[in-house]
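Reading the sequence shown from the start, the letters are residues -22 to -1, 1 to 319 in mature numbering (1 follows the signal peptide of the UniProt record, and there is no 0). I have placed the structure first, in the form of structure tokens, so that the comments after it can refer back to it.
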Amino acid sequence: MSDPQKYWVGWICALRVEFVAAQTFLDEVHDGPAFVQPHDSNSYKLGAIGAHNVVVATLPEAEYGTASAARVAANMLTSFPNVRFGLMVGIGGGAPSKKNDIRLGDIVVGVPREGERGVLQYDFGKTVQERKFQVTMLLNQPPDTLLSAVAAIRTKHTLARHGIHEAVDAALARNPRLVGEFGRPLPESDRLFKPDIVYDPAVQFDASALLQRRVRQPHEDNPAIHYGTIASANQLMKDATVRDRLIAEKNVLCFEKWAAGPMNHFPCLVIRGICDYSDSHKNDAWQGYAAMVAAVYARELLDVIHPTSVEVQRTLQDLARKEFSNMKPDINSLKATNDKI
């Protein structure tokens, strides 16, 4: 059995397709952990990517939302106390616009941009009822080690095309049983409907309902990689009109429902493969491929991080203890005030 003390990269998945994709791109697969804390209900897969020992965890079946993701992260840190930083890798809904030509199978990486944080948490209930949204929490940005790695990858990809699609194809060639669910769907299945077209199963498909987009050129990356703000809430975004309003107000690139939970206590980078357009036309056809491309990006990220830069970092457990100790004076002050009252 593997020693939990020897794993310093924590990789969190929310869904089965994400968990499968993560395991597909491990260089080595290790035995299960020798010990986990009694309350820890996470499912784990241990392995290595390059010089990094990685612990991959997933949410229990049928558990969703930011609170569940936060619990998975907390359990991981108690069972794997030497984790230095985290990755949240999986699928999300795209936020396409004239400025950001986001398509199915693309990748969105949550990093600070234009004064906004990489991930913002918003109130979905208010969005639906009032046709507006409210940012409910300011979330910590990813650790500097991860942001430096992102900068290195962006430079590399500016100079030369990436090989993400080719890496997925190679993985599927090694394991053909995954092709049906995790291969890239046909291009004609990538349909972006006009915002006012709401899905109705009784209505026959009409090509005039689609937004027309240019064909990507051979010299362009496909899938494309986008960097900026990811919006996180407890429910999925399924309203194109509201989606477009959030794009206009906050320049959101992607919507998802897990990342906001762990981020303030589990410093991490959020990586999402785009599987739908955050509208009423959602389906599962692109989920497998989207999970695969996100996993390939995460693997490439780890490849550019030198292990010595990870080893010198404080563990996330230590950082959490420091945060709690900094809160104690405020708590004690508040208690003293209440006692006087």
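We put the beta carbon where it would ideally sit given N, CA and C, even for glycine.
Classify Asn153: buried if its beta carbon has 16 or more other beta carbons within 10 angstroms, exposed otherwise.
exposed
Is residue 390 helix, strand or coil when you go by DSSP?
This structure cannot speak to residue 390, because the chain is shown only from -22 to 319.
In the DSSP output, what is Arg91 paired with across the bridge?
Glu94
Run through DSSP, which three-state label would Asp254 get?
strand
Count the other C-beta atoms from every protein chain shown that fall within 10 angstroms of the C-beta of Met(-22), then say buried if there are 16 or more, exposed otherwise.
exposed
Going by Cα to Cα distance, which pick from Gly206, Lys260, Ala226 and Asn200 is closest to Val217?
Val is not the amino acid found at residue 217; the sequence shown has Asp there. Among Gly206, Lys260, Ala226 and Asn200, the Cα nearest to that of Asp217 belongs to Lys260.
To the nearest angstrom, report how far apart Arg162 and Leu24 are at their CA atoms.
27 Å
Find out if the Cβ-Cβ distance for the pair Lys235, Val113 is shorter than 9 Å.
no
Return the chain-ordered list of same chain residues with a C-beta closer than 6 Å to the C-beta of Ser311, the five sequence neighbours on each side being excluded.
Annotation note: pLDDT 41 at Ser311 (below 50); position unreliable, no value reported.
Which residues mark the beginning and the end of the beta strand (DSSP E) in which Glu234 is found?
For Glu234, the enclosing beta strand (DSSP E) starts and ends at Val230 to Glu234.
May I ask you to verify whether the segment 286 to 293 touches the segment 52 to 72, counting CB pairs closer than 8 Å and requiring at least 3?
yes
Would you kindly work out how many angstroms separate the C-alpha atoms of Gly251 and Leu(-8), rounded to a whole number?
13 Å
Between Thr44 and Ser256, is the Cβ-Cβ spacing less than 9 Å?
no
Any idea what DSSP makes of Gln99, helix, strand or coil?
It is a strand residue.
From which residue to which residue does the alpha helix (DSSP H) around Leu150 run?
Ile142 to Arg152
Within the same chain, show all residues whose beta-carbon is closer than 6 Å to that of Gly239, passing over the 5 residues directly before and after it, in chain order.
Thr44, Ala45, Ala47 and Ala48
Using a 10 Å radius around the Cβ and a threshold of 16 neighbouring Cβ atoms, would you call Phe13 buried or exposed?
exposed
For the alpha helix (DSSP H) that Lys134 lies in, which residues bound it at each end?
Asp122 to Leu137
Give every residue of the same chain whose Cβ lies closer than 8 Å to the Cβ of residue 407, excluding the five residues on either side of it in the sequence, and list them in chain order.
Any answer about residue 407 is impossible in this case: the structure gives the chain only from -22 up to 319.
Could you give the DSSP three-state label for Ser21: helix, strand or coil?
strand
Note down the Cα distance separating Leu124 from Leu247, rounded to an integer number of angstroms.
7 Å
Determine the closest residue to Ala51 out of Ala73, Gly83 and Asp18, with distance taken between C-alpha atoms.
Asp18
One question on the structure: do Leu176 and Ser258 come within less than 9 Å of each other, judged by their Cβ atoms?
Checking the sequence shown, residue 176 turns out to be Val, not Leu. Closer than 9 Å, so yes.
If you follow the beta strand (DSSP E) that Asn212 is part of, which residue opens it and which one closes it?
Taken as a continuous stretch (DSSP letters only), Asn212 belongs to no beta strand (DSSP E), as it is neither H nor E.
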